[in-house]
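Quick notes on the structure that follows.
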Ligand SMILES: [Fe+2]
Ligand SMILES: [Fe+2]
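Numbering (the working numbering), first residue to last: 1 to 219.
Shown next as structure tokens:
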């Protein structure tokens, strides 16, 4: 059975991931490098593992998490859909069974805010892991004058992590925002759709979604 190491070591996938990083850098978009892919892979697996889901589902969540942004090699627009189709071909050639491929590509194809829908446990985990990865280290521009609002919010976030509480069935996102850079209102203006998607994803896993910003519980 394919695992995350097989995916990481695959030369074609490695090349495509490097190209995603290169092309998005050209666009000045926030970081979508190996570090983001690995973060989402590990956190997706951690979410399902902590909540007691079967080990194979945990492994598939890490694979979907690792590959979720691969479609950016084609275009930023609708990269969830193109990524799902790319992953289908790659995983099919690597011999993954069709039911497992379906789980992985549905999670990839549903991770974007505009079109994403929590269709499975794996999709829910990838949404939560991806949307909570807000951090200063993801901003690549050096000149603050050229920051988009998304850059500013990411730059303002000095810590971000998810706390999974299986006993109380709660998933809480903790954020520290430098309010000299953005206000909590600015954060909400930009990230409201992401937070709503996270809430639906948490609910799908029979959990409540919580949000703590600078020590204040907001949701
Ligand atoms: Fe994405
Ligand atoms: Fe992502």
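Glycine included, every Cβ here is placed at the ideal spot set by N, Cα and C.
Problem - Which of helix, strand or coil DSSP assigns to residue 162 - result: strand
Problem - Uninterrupted alpha helix (DSSP H) stretches inside the region 4-85 (no shorter than 4 residues) - result: 4-9, 11-27, 34-50 and 55-67
Exercise for the section: Using the Cα positions of residue 156 and residue 214, report the straight-line distance between them to the nearest angstrom. Expected result: 12 Å
Handout entry: Residues that residue 172 bridges to, as DSSP identifies them
Key = 163 and 210
Exercise for the section: Report the rounded CA-to-CA distance for residue 66 versus residue 43, giving the unit in angstroms. Expected result: 10 Å
Exercise for the section: Can you have a look at residue 69 and say buried or exposed, based on whether 16 or more other CB atoms are within 10 angstroms of its CB? Expected result: buried
Exercise for the section: Would you decide whether residue 62 is buried or exposed? Buried here means 16 or more other CB atoms lie within 10 Å of its CB. Expected result: buried
Problem - For residue 175 and residue 200, the rounded distance between their alpha carbons - result: 19 Å
Exercise for the section: Classify residue 120 as buried or exposed, calling it buried when 16 or more other Cβ atoms lie within 10 Å of its own Cβ. Expected result: buried
Problem - Beta-carbon proximity check, residue 178 vs residue 148, cutoff 9 Å - result: no
Problem - Where residue 181 sits in the DSSP three-state scheme - result: coil
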